[in-house]
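A.B. asks: If you read the sequence shown in the numbering used here, its first letter stands for residue 749, the second for the next number, and so on.
Before anything else, here's the structure in question.
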Amino acid sequence: MKATLLERVRAGENLPSLPMVAVEILRLVRKDNVTGDELAAVIQQDPAMTGRILKVVNSSLFGLSRQIASPKQAVNMLGLRTVKVMALSFSLVDAVRACQSDGVFDFEAYWRRSLTCAVAGRLLARAVAPHVAEESFVSGLLADLGMIAAWRCAPELYNPVLEAVQGAERRLDEVEVEHLGLSHAALSAALLGAWGLPALICDAVAAHHDEGIAGLEPATAELARLTQCAALVAELFCRESGPATLEQVKARCRDSLGIEAQALERVFDSLDAHVRQQAAVLALRVGETVDYARLQLDAASHLASLSMQAEVERLASTTQAAQTRAALHRANQQREAALEAATTDSLTRLANRSAFDLRLVRDLDLARRQGLELGLILLDVDHFKRLNDTHGHRAGDAVLRAVGQCLAETVGDEGFAARYGGEEFVVLSHRLGRERIAELAERLRVAIARLSVQHDRQRLRITASLGVACVKPRAEATSPEQLLELADRGLYQAKRNGRNRVETACEAAAPANP
């Protein structure tokens, strides 16, 4: 069975062929000295690919100061590796998307896991091995491709695997080996090899479930460890492993990659935002994503519940009711403290993303019921990546702490301030009208521009771009996503107009469709 399934996958049985542009890009990937002109020429052969890349490059994701009109300009502005991986990702995703059809295979969950693995791989690599960050993204994106290959080539063999793993507390790769004699990692590597991807990526994908990493060449082993850790992170963020595994996954990343604890926290903290951005870039539906703050909240709740249960069980046999009540009181205090910690951003001490998401839903409902205007400010620290690259992450952390304190002091009781993720912050208020929410945004801009952060005998100056949205929701169709999208339009315009400014995108009512 094992040999037969591998042969069917390698032969591409019932699988779509790669688009011609993907074949050409892969040919360039295998070359040692690829030029930007060569890559741009290949991309320009496909008008649809050209349009998609230019749309992304000119979006708020990159925040470029001028319009990019051609693939060649994109390569010059963003670099060969970035555009190459972007084009390759578009092509490979299109090839896989052509496999989608009705059946027991959950494609939304597949894309959520694959994209989370890809983004986690890139972020982890940027922290410990930046020279393979883009290869780590591609490796993570395609690591689970063997699942689709098996399902398409041999549904009579793979459907029982999918059915067996549903609701079972077992790893998919273990069930695959039990039923098929090999895991999807081996099938992924076989198909990628048939498609002509570099051996570095094929071998890393084959080993990403810890299957023979020790025997690999150092460069391949490095990429395999990154992909393996990224897969564990993806399982955690996609709810395929319980909240109790959070610390185990962190420990595995630290031990396997040598990543520092603070750097790992930054990866986890920014992962959800990057996944949602990348899903938009690739036009993929990934369903509900899970942010780090929510994982921390679940892990804290789980730990507190275990603590409470253990304490109650310890005193269950005693006849002293007072001791039992005291134990319950202590356990409740511990649980409340854990929950508070899990809704607070550890760096800035503002509310975190999870707390903001809950508050946004609540305030939107309140505004709808009481006919109030709901205002939102989306704030992004200008040129934060450049600051990190120039002065290091400690300087970046110091800047974020200063901005967080500035928000807390400036906003006060006029609104709800939170760290949204990375260098982005949000302020939510149903107490201010559209004029006053814009005035608050301008006060924030001025206050941040006056900040001076001391770092290594240097004083760092900071500015921020702010987008303001204000809606008066009247229908159930008004959603948190629509309000955030409206504020993001303002933020994008502020960046396009030179940064360190406020732009407002207010509407009387959020539209039914974004």
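The beta-carbon is built from N, C-alpha and C at its ideal position, and this holds for glycine as well.
Predicted, not measured: the structure shown is a model, and the values here were computed from it.
So does Leu1180 have its beta carbon nearer than 7 Å to some heavy atom of the ligand COA?
C.D. replies: Looking for the ligand COA in the displayed structure turns up nothing, as the structure carries no ligands at all.
A.B. asks: Just to confirm my understanding: we take Thr968, look at its own chain, exclude 5 residues before and 5 after, and list those with CB closer than 6 Å. What are they?
C.D. replies: Counting only Cβ-Cβ distances below 6 Å, and skipping sequence neighbours, we find Leu948, Asp951 and Ala952.
A.B. asks: Going by other Cβ atoms of all chains shown within 10 Å of its Cβ, with 16 needed for buried, is Gly1169 buried or exposed?
C.D. replies: Classification for Gly1169: buried.
A.B. asks: Looking at Ala788: is its Cβ nearer than 8 Å to the Cβ of Lys832?
C.D. replies: It is not a contact, given that the beta carbons lie outside the stated cut-off.
A.B. asks: Start and end of the alpha helix (DSSP H) containing His1139?
C.D. replies: Its alpha helix (DSSP H) spans residues Phe1132 to His1139.
A.B. asks: Is the separation between the beta-carbon of Phe1016 and that of Thr864 shorter than 8 Å?
C.D. replies: Not a contact, by the Cβ cut-off of 8 Å.
A.B. asks: For Ser1200, does the three-state DSSP call read helix, strand or coil?
C.D. replies: Looking at Ser1200 - three-state DSSP - the assignment turns out to be strand.
A.B. asks: Please confirm whether Leu1043 and Leu1005 have their CB atoms less than 8 Å apart.
C.D. replies: Their beta carbons are not under 8 Å apart, which means Leu1043 does not touch Leu1005 by this criterion.
A.B. asks: From which residue to which residue does the alpha helix (DSSP H) around Cys1001 run?
C.D. replies: Counting along the chain, the alpha helix (DSSP H) containing Cys1001 begins and ends at Leu994 to Leu1005.
A.B. asks: According to the Cβ coordinates, are Ala979 and Ala1090 closer than 8 Å?
C.D. replies: Contact flag unset, no.
A.B. asks: State whether the segment 1237-1247 contacts the segment 1113-1131, with contact taken as three or more CB pairs (one from each stretch) at a distance under 8 Å.
C.D. replies: Flag = yes, the segment 1237-1247 and the segment 1113-1131 touch.
A.B. asks: Could you give the C-beta distance for Leu1114 and Leu1231, rounded to a whole number, given that I count them as a contact under 8 Å?
C.D. replies: 13 Å between Cβ atoms; not a contact.
A.B. asks: List the residues that DSSP assigns as beta-bridge partners of Thr1092.
C.D. replies: The partner list for Thr1092 (beta bridge, DSSP) reads Ala1099.
A.B. asks: Identify, in the order they occur along the chain, each residue of the same chain with its Cβ nearer than 6 Å to the Cβ of Ala897, setting aside the five sequence neighbours on each side.
C.D. replies: Excluding sequence neighbours, Ala897 sits near Val757, Leu935 and Leu939.
A.B. asks: Which residues bound the beta strand (DSSP E) around Ala857?
C.D. replies: First-last for Ala857: Phe855 to Val876, but that is the alpha helix (DSSP H), not the beta strand (DSSP E).
A.B. asks: In this structure, does DSSP put Arg1014 in helix, strand or coil?
C.D. replies: DSSP places Arg1014 in helix when its eight states are reduced to three.
A.B. asks: By the 10 Å Cβ neighbour count, where 16 or more other Cβ atoms means buried, how is Ser765 classified, buried or exposed?
C.D. replies: That one is exposed.
A.B. asks: Please state whether DSSP places Glu1251 in a helix, a strand or coil.
C.D. replies: Strand at Glu1251.
A.B. asks: Straight-line CA distance for Ile1210 to Ala1197?
C.D. replies: Ile1210 and Ala1197: Cα-Cα distance of roughly 6 Å.
A.B. asks: Counting along the chain, where does the beta strand (DSSP E) carrying Cys977 start and finish?
C.D. replies: Premise fails: Cys977 lies in the alpha helix (DSSP H), Pro966 to Phe985, not in any beta strand (DSSP E).
A.B. asks: Could you tell me whether the Cβ atoms of Ala955 and Ala972 are closer together than 8 Å?
C.D. replies: Against a cut-off of 8 Å, the Cβ pair of Ala972 and Ala955 comes out as a contact.
A.B. asks: Counting C-beta neighbours from all protein chains within 10 Å, is the total for Ser1200 16 or more, i.e. buried, or is it exposed?
C.D. replies: Answer is exposed; the Cβ neighbour count stays below 16.
A.B. asks: Between the segment 1147-1157 and the segment 1096-1114, do three or more beta carbon pairs fall short of 8 Å?
C.D. replies: Short answer: they touch.
A.B. asks: Tell me which residue opens and which closes the beta strand (DSSP E) that Val1129 is part of.
C.D. replies: Taken as a continuous stretch (DSSP letters only), the beta strand (DSSP E) holding Val1129 covers Leu1122 to Val1129.
A.B. asks: Are the beta-carbon atoms belonging to Ser1177 and Glu1190 less than 8 Å from one another?
C.D. replies: In this structure, Glu1190 does not lie closer than 8 Å to Ser1177 by Cβ.
A.B. asks: Are Arg1249 and Cys1218 closer than 8 Å when you measure CB to CB?
C.D. replies: Against a cut-off of 8 Å, the Cβ pair of Cys1218 and Arg1249 comes out as no contact.
A.B. asks: Is Gly1238 helix, strand or coil when you go by DSSP?
C.D. replies: Correct three-state label for Gly1238: helix.
A.B. asks: Taking Cβ to Cβ, would you say Gly894 is nearer than 8 Å to Ser884?
C.D. replies: In this structure, Ser884 does not lie closer than 8 Å to Gly894 by Cβ.
A.B. asks: Is the CB-CB distance between Ser839 and Pro946 below 8 Å?
C.D. replies: Not in contact: Ser839 and Pro946 (Cβ atoms no closer than 8 Å).
A.B. asks: From His1203 to Val876, what does the alpha carbon distance come to, in whole angstroms?
C.D. replies: C-alpha separation (whole angstroms): 23 Å.
A.B. asks: Short of 8 Å in beta carbon distance, which residues of its chain neighbour His957, apart from the five on each side in sequence? Order them along the chain.
C.D. replies: Correct list, in chain order: Asp921, Ser931, Ala933, Gln976 and Ala979.
A.B. asks: Pick out the complete alpha helix (DSSP H) segments inside the segment 905-948, 4 residues or longer, and give them in chain order.
C.D. replies: Correct list: 920-928 and 932-943.
A.B. asks: So, under 8 Å CB-CB, Leu1239 and Leu1108 are touching, yes? Tell me the CB distance rounded to an integer number of Å.
C.D. replies: Actually they are not in contact, since the Cβ atoms of Leu1239 and Leu1108 sit about 16 Å apart, beyond 8 Å.
A.B. asks: Let me check one thing: in DSSP terms, what residues is Ser1213 bridge-paired to?
C.D. replies: Partner(s): Asp1128.
A.B. asks: Starting from Glu1172 and walking both ways along the beta strand (DSSP E), at which residues does that stretch end?
C.D. replies: Start and end: Glu1172 to Ser1177.
A.B. asks: Rounded to whole angstroms, how far is the Cβ of Glu882 from the Cβ of Arg829, which I believe are closer than 8 Å?
C.D. replies: Contact holds; Cβ gap of about 5 Å.
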